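Take a look at the structure below.
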Amino acid sequence: VHTQQPILNIEASLDPLIDAGVASDSAWIKNKTAQLVGVAYDLFWYDKNGVTQMFDEDKSRLSSTVLLEPQQKIAIDLAKPTAESANYRLYLRLK
1056 VHTQQPILNI EASLDPLIDA GVASDSAWIK NKTAQLVGVA YDLFWYDKNG
1106 VTQMFDEDKS RLSSTVLLEP QQKIAIDLAK PTAESANYRL YLRLK
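End of the sequence shown = 1150 in this note's numbering, gap-free, step of one.
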């Protein structure tokens, strides 16, 4: 699918617990509960033609986990792996 907008995927089990948003230059996650919520995420970058951009020669995504306090909102670091990186997909799942 060719798109000029970032893509946000949230697994069904996580969706009721968080709010999240993406823009061309920013992404964020907010815990909307009164409990701690663990979130694992994968960040994939693509060039203007949709070709995956590599972070390292064997790493096509940046993966991390965060533990969100109740009502906490955080920004996701969107460091581009290459100069050709034009768009990204953020995949969120319950940790």
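Glycine included, C-beta positions come from ideal geometry on N, C-alpha and C. Fair warning: this is a prediction, and the values are worked out from it, not measured in the lab.
- Within the segment 1062-1124, the complete beta strand (DSSP E) segments of 3 residues or longer fall at 1062-1065, 1073-1078, 1081-1086, 1092-1101 and 1117-1123, listed in chain order.
- Each of Ile1131, Gln1126, Ala1130 and Ser1140 was checked against the Cα of methionine 1109, and the nearest Cα belongs to Ser1140.
- Looking at the backbone, the Cα of alanine 1134 and that of alanine 1089 are separated by about 31 angstroms.
- Looking at the DSSP output, leucine 1133 bridges to nothing.
- Pairing tyrosine 1146 with alanine 1082, the inter-Cα distance amounts to about 11 angstroms.
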